[in-house]
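Step one of this worksheet: look at the structure below.
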Amino acid sequence: MRGRWVWVGLLGVPLLALYLHLPPPRLSPELLSWRSSGAFFTYQERSIFYRDSAGAVGSSDVVVLLHGFPTSSYDWNKIWEGLTLRFHRVVALDFVGFGFSDKPRPHRYSIFEQASIVEGLLRHLGLHRYGINLVSHDYGDTVAQELLHRYEHNRTGSILIKSLCLSNGGIFPETHRPRLIQKVLKDGGLLAPIITRLMNFFFFSRGLGAVFGPYTQPSQAEYWDMWAAVRTNDGHLVVDSILQYINQRKKHRERWVGALKATSVPLHLIYGPLDPVNPHPEFLQLYKKVLPASTVSVLDDHISHYPQLEDPTGFLNAYLSFIDSF
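Be aware that the sequence shown starts at 14, since it is given in the numbering used here, and climbs by one per residue.
Okay, here's the thing in structure tokens:
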């Protein structure tokens, strides 16, 4: 009997080793097209992916899109064309640690660094003197809050913010409900590297599917695109490091919520009310109480945490109505 278990161990170790080093899935034609239509710039020796599309003739408006966790700039693909019909330039990037950008490890990922990368990209594109319309989601909301803080305090190198549209993000730590796996990974200590290495498509899609509405679930192909973007450059191995943003939100709450409270920049929120991460009505009640000057668009009851993917038409219409209101 003992000999049998020895053989199981001898066979199991290389099989497990093979599993933990599986190559990332191939990129779909759609994801390949997204990457090939973008470019890279270097920020402090890191390669950062971005897309920059010239859009509406006669407009001078620029919109910059900031994606959420754990996905990438591809989150904006369903509204991209619609935005190019309204804006002179449409820009999005993969934050460091996400999508096609570099994913260094070990690395101390921070919201401050991501905000500096956005500023660096706009300087690279020659857009740092333009008034920028920011659209953000989830993790990107916090990056937008840091950019707003820098703008309001006239920090050197800060971007000129013309408007800010937030969507379904942990703007207030007290109403943010991270998923169990996020809590485990951000505080997992020695377990976190093991868990990230065991991450696979099945667990990824199940976890992400829980924050989509029951009638707006991504297709299998869309899940694979999200997973492929995570797995590019071994991104699954840095998830625990990136998740420290949850702790950063708590530590810097006054700075980031304070930026929203103090600003005169037009603010708007597009909200999917079925969101388990920023639940209704607690989140929306606090948002309206703290930011009474902000306008709000609440989408249909079945729209959840990814409104730009679950209801792209509703999201785009709500955003353009906001832009046209000032």
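Note that CB positions come from ideal geometry on N, CA and C, so glycine has one too.
Sheet register partners of Y63 (DSSP bridge): In the DSSP assignment, Y63 is bridged to A52 and L106.
Separation of R163 from W89, as counted between CA atoms: Roughly 25 angstroms between the two C-alpha positions.
Local Cβ density within 10 Å of N146, reported as buried at 16 or more and exposed below that: It is buried - the Cβ of N146 has at least 16 other Cβ atoms within 10 Å.
Where T84 falls: helix, strand or coil (DSSP): Coil, per DSSP.
Collapsed DSSP secondary structure at A30 in the structure displayed: For A30, the predicted model reports a pLDDT of 48, less than 50, meaning its position is unreliable and no value from the coordinates is stated.
Close-in-space but distant-in-sequence residues of the same chain around H249 (CB under 7 angstroms, 5 per side omitted): For H249, where only same-chain residues beyond five positions count, the Cβ hits under 7 angstroms are T209, M212 and V243.
Contacting residues, own chain, Cβ-Cβ under 6 angstroms from F108 (five flanking each side not counted): Excluding residues within five positions, the ones whose Cβ falls inside 6 angstroms are Q127.
Separation of H281 from F335, as counted between CA atoms: For F335 and H281, the distance between alpha carbons rounds to 7 angstroms.
Own chain, CB closer than 6 angstroms to Y236, minus 5 neighbours either side, in chain order: The residues are S218.
Backbone CA spacing between Q195 and V77 [nearest angstrom]: Straight-line Cα distance between these residues: approximately 27 angstroms.
Environment of S338 [buried if 16+ CB atoms lie within 10 Å]: Counting of Cβ neighbours within 10 angstroms places S338 among the exposed residues, the total staying below 16.
Residue ranges of each alpha helix (DSSP H) within the region 230-257, 4 or longer: Within the region 230-257, the complete alpha helix (DSSP H) runs of at least 4 residues are 233-244 and 252-255.
Anticipated Cβ contact below 8 angstroms, V85 with G112, distance rounded: In the sequence as presented, Val is not what sits at residue 85; that position holds Ser. The pair is a contact, with the Cβ atoms about 3 angstroms apart (cut-off 8 angstroms).
Collapsed DSSP secondary structure at G144 in the structure displayed: In the three-state DSSP reduction, G144 falls in the strand class (E or B).
Candidates V75, H150, G133 and V197: closest to T169 by CA position: Considering only V75, H150, G133 and V197, the residue with the shortest C-alpha distance to T169 is G133.
Cβ shell of S72 (< 8 angstroms), same chain only, five flanking positions each side left out: A distance below 8 angstroms between beta-carbons, with the five flanking residues on each side excluded, links S72 to the following residues of its chain, in chain order: R99, F100 and H101.
Residue(s) in a DSSP beta bridge with Y284: As computed with DSSP, Y284 is found in a beta bridge with V311.
N-terminal and C-terminal residue of the beta strand (DSSP E) that S180 is part of: It spans L173 to S180 - the beta strand (DSSP E) in which S180 sits, taken as one unbroken run.
Y258, buried or exposed, once every other Cβ within 10 Å from all chains shown has been counted against 16: Counting Cβ neighbours within 10 Å, Y258 comes out buried, since at least 16 surround it.
Cβ neighbour criterion (16 or more within 10 Å) applied to R268: Under a 10 Å Cβ-count criterion, R268 is classified as exposed, with fewer than 16 other Cβ atoms of the shown protein chains found around its own Cβ.
Rounded C-alpha distance that separates V21 from L35: Any reading at V21 is ruled out, since the residue's pLDDT is 49, under 50, leaving its predicted position unreliable.
One or two residues paired with L78 in a DSSP bridge: Paired residue(s): A105 and V148.
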